[in-house]
Amino acid sequence: MSETEPNTADVIVIGGGTGGYSTALRAASLGLRVVLAERDLIGGTCLHRGCIPSKAMLHAAELVDGIAEARERWGVKATVDSLDWPALVATRDTIVARNHQGVAGHLRTAGVRVLQGTARLTGTRTVHVEGAGEFTARRGIVLATGSRPRMLPGLAADGRRVVTSDDALFAAELPASVLVLGGGAIGVEYASFHRSMGAEVTLVEAAGRLLPMEDEDVGRHLARGLKKRGIAVRTGSTLTHTELLPDGVRATVRTPKGEELVIEAERLLVAVGRAPVTDGLDLAAAGLAADERGFVAPADWSRLETAVPGIHVVGDLLPPPSPGLAHASFAEGLLVAETLAGLSSRAVDYAAVPRVTYSAPQTASVGRTEAEARAGGLDIKVNTLPLAATAKGMVHGQGGMVKVIATADGAGGEGGLPCSNAVESSGKTGTVLGVHLVGPHVSEMIAESQLIVGWDAEPADVAQHIHAHPTLSEAVGEAFLTLAGRGLHQH
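Last residue of the sequence shown: 693 in the numbering used here, with the numbers rising by one and none dropped.
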């Protein structure tokens with residue numbers, strides 16, 4: 203920061219979550235002077251109340267499930283004597299703290315000036331930060347204020363009986379029973395975690411299937427896997443009434459057939475989505491306004507720039523097609539930083555952003571669903587392969603599938619990778635539109651499919667590459683071999 207202009211920077215970032223700190227770090231690496239204002243903790247929701255702590259807990263759940271599998275399936279006479287919840291929490295918090303220190307250290311090393319305090323817009327190039335004064339941005343302002351859990355009208359969280367996903371992370375103890383409201387990724391993950399920890403779990407989703415934004419087969423296979431674990435899955439069902447009890451809740455749920463079920467649980471966990479945070483930001487001072495859903499939409503998606511030149515948006519403030527995922531926010535931050543530095547950068551390809559649910563079984567997807575492809579009027583071909591068709595899938599014994607969607611003849615794609623050594627007789631095999639996975643560890647398998655979809659590859663392009671045997675990933679390879687007319691295990 204210039205000594206003569208201490209409150210002037212090239213870029214001011216409001217919000218220190220994934221989108222905000224990635225913007226700040228990239229801008230600083232390009233020689234820009236950056237101020238980042240954060241009223242809570244650097245790292246934001248993902249690091250402190252979302253991705254990292256929840257996945258640490260899900261890893262612990264996987265260990266518990268592994269012990270049960272060892273005993274029941276493999277003859278290893280192991281048992282879980284007890285669960286030391288404070289110890290689990292301490293390990294989780296240590297992981298979070300180390301990541302927090304790492305991000306804060308990167309910002310310091312990069313020369314980013316971090317201000318602790320609430321920031322609000324005072325103009326199109328000015329920001330007031332509580333306790334630090336007013337700052338001016340020469341090149342632009344980046345809004346990265348994130349999101350918070352949504353609640354249903356008339357339902358208030360008390361942090362004990364009715365909780366959000368934030369509350370569930372910091373609970374003093376685990377419940378013996380939980381009713382999870384919402385079958386999106388967050389609800390499914392928390393339902394999976396609590397079941398692994400021994401709770402009786404009911405999962406209620408208003409849509410006709412779990413993960414309603416995913417491919418229909420993903421929701422079907424996921425529900426099958428969760429039910430096999432003893433989770434009561436009720437899709438197409440709605441919460442109609444809630445009564446608070448001294449030690450829990452009594453909820454009335456209406457099923458698709460119009461029946462009313464009364465469910466008692468120690469905890470009602472509400473996971474019906476997240477809402478953008480704009481309170482206190484004073485968008486109007488810069489000539490901006492949120493839409494009816496609370497999002498701040500860009501006027502130019504290729505630059506993520508609002509209708510006010512120089513003010514950009516990243517992360518959970520963006521409406522769809524931005525998916526509200528941390529890794530998408532990271533990419534958005536890089537794009538905005540490079541734009542503000544005067545570079546010509548490629549827009550974020552939202553169709554190629556992977557989506558992962560870290561339940562047991564896991565799901566991972568990229569690209570279009572079958573319904574989306576058909577709705578677009580494309581002539582498509584679809585291949586679905588059960589993971590149990592592979593030796594490694596049998597070893598894991600969790601079921602699951604690989605589903606690949608491609609155009610029938612390449613129509614609708616944008617080119618494709620050269621396939622100089624593909625088998626000549628296979629001909630043109632279409633452009634891959636989407637890949638959808640359900641099963642153990644599929645979160646670690648989606649990167650290959652992201653490249654396939656992002657590069658408009660054809661099944662024949664993928665089929666020529668050899669997948670290691672025995673692995674779960676060879677199921678992906680076999681699915682593409684079949685679409686390319688070379689499969690040996692499907693007919």
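We treat Cβ as the ideally placed atom computed from N, Cα and C, and that holds for glycine.
Around the Cβ of residue i, are there at least 16 other Cβ atoms within 10 angstroms (buried) or fewer (exposed)?
| i | result |
| --- | --- |
| Gln303 | exposed |
| Arg695 | Any question about residue 695 goes unanswered here, given that the chain covers just 203 to 693. |
| Arg327 | buried |
| Ser627 | With a pLDDT of 34 at Ser627, under the threshold of 50, the predicted position of this residue should be treated as unreliable, and no value is reported. |
| Ala289 | exposed |
| Asn585 | buried |
| Ile513 | buried |
| Asp399 | Inspection of the sequence shows that residue 399 is occupied by Met rather than by Asp. With 16 or more other Cβ atoms within 10 Å, it is buried. |
| Arg228 | buried |
| His671 | exposed |
| Thr311 | exposed |
| Phe682 | buried |
| Pro448 | exposed |
| Met647 | buried |
| Glu274 | exposed |
| Glu668 | The residue asked about is misnamed: residue 668 is Ile in this sequence, not Glu. When all chains shown are included, Ile668 counts as exposed. |
| His396 | buried |
| Leu690 | exposed |
| Glu461 | exposed |
| Asp283 | exposed |
| Asp493 | exposed |
Report the rounded CA-to-CA distance for residue i versus residue j, giving the unit in angstroms.
| i | j | result |
| --- | --- | --- |
| Gly218 | Val314 | 11 Å |
| Ser546 | Gly535 | 14 Å |
| Asp518 | Ser675 | 32 Å |
| Arg363 | Lys594 | 41 Å |
| Val331 | Ala539 | 21 Å |
| Glu660 | Ala401 | 45 Å |
| Val237 | Phe337 | 9 Å |
| Lys459 | Ala408 | 13 Å |
| Pro556 | Ser439 | 28 Å |
| Ser531 | Thr592 | 35 Å |
| Val382 | Gly389 | 6 Å |
| Leu270 | Glu264 | In the sequence on display, residue 270 carries Ala and not Leu. Cα to Cα, the separation comes out at about 10 Å. |
| Ala491 | Ala509 | 10 Å |
| Leu232 | Gly222 | 16 Å |
| Leu405 | Val215 | 38 Å |
| Gly427 | Val213 | 47 Å |
| Arg163 | Glu680 | The structure shown does not extend to residue 163, since the chain is modelled only from 203 to 693, so the question has no answer here. |
| Val464 | Gly602 | 32 Å |
| Asp241 | Trp287 | Strictly speaking, residue 241 in this sequence is Arg, with Asp absent from that position. Taking the straight line joining both Cα atoms gives about 30 Å. |
| Ser379 | Thr609 | 46 Å |
| Gly450 | Leu357 | 14 Å |
| Ala575 | Lys583 | 10 Å |
| Val597 | Val266 | 18 Å |
| Asp581 | Tyr560 | 32 Å |
| Trp276 | Gln600 | 14 Å |
| Ala533 | Val278 | 44 Å |
Compute the distance between the beta-carbons of residue i and residue j, then report whether it is under 8 Å.
| i | j | result |
| --- | --- | --- |
| Leu542 | Leu234 | yes |
| Ala258 | Thr281 | no |
| Val298 | Ile244 | no |
| Met353 | Val516 | no |
| Ala554 | Gly656 | yes |
| Arg251 | Asp360 | no |
| Gly569 | Val637 | yes |
| Ala434 | Val455 | no |
| Leu424 | Thr296 | no |
| Gly342 | Asn209 | no |
| Asp663 | Ser567 | no |
| Leu260 | Glu445 | no |
| Gly482 | Thr247 | no |
| Gly695 | Val474 | Residue 695 lies beyond the range of the chain shown here (203 to 693); nothing can be said about it. |
| Ala562 | Ser394 | yes |
| Ala487 | Gly325 | yes |
Can you give the beta carbon distance from residue i to residue j, rounded, assuming they're within the 8 Å contact cut?
| i | j | result |
| --- | --- | --- |
| Val604 | Leu639 | 6 Å |
| Asp484 | Arg322 | 4 Å |
| Pro521 | Ala499 | 5 Å |
| Thr220 | Ala501 | That belief does not hold up - the Cβ atoms of Thr220 and Ala501 are roughly 23 Å apart, past 8 Å. |
| Arg469 | Val558 | Not a contact, Cβ separation roughly 25 Å. |
| Val644 | Val606 | The pair is not a contact, with the Cβ atoms about 14 Å apart (cut-off 8 Å). |
| Ala665 | Ala649 | Not really, about 18 Å apart at Cβ, beyond 8 Å. |
| Thr347 | Val479 | 5 Å |
| Leu589 | Gly641 | 5 Å |
### Query
Of all the beta strand (DSSP E) runs that stay within the bounds of the segment 424 to 507, which reach a length of 3 or more residues?
434 to 437, 440 to 447, 450 to 456, 462 to 467, 469 to 472, 476 to 478
### Message
In chain order, what are the residue ranges of uninterrupted beta strand (DSSP E) at least 3 long that sit wholly in the segment 364 to 394?
### Response
379 to 383
#### Entry: beta strand (DSSP E) segments (min. 3 residues) lying fully within the segment 272 to 319
315 to 318
### Task
Please go through the segment 539 to 584 and give each complete alpha helix (DSSP H) segment of 4 or more residues, from N-terminal end onward.
572 to 577
### Query
Could you give the uninterrupted runs of the beta strand (DSSP E) lying entirely in the segment 330 to 369, keeping only those of 3 residues or more?
335 to 345, 349 to 351
#### Entry: Contiguous alpha helix (DSSP H) assignments of at least 4 residues, all confined to the segment 223 to 261
246 to 251
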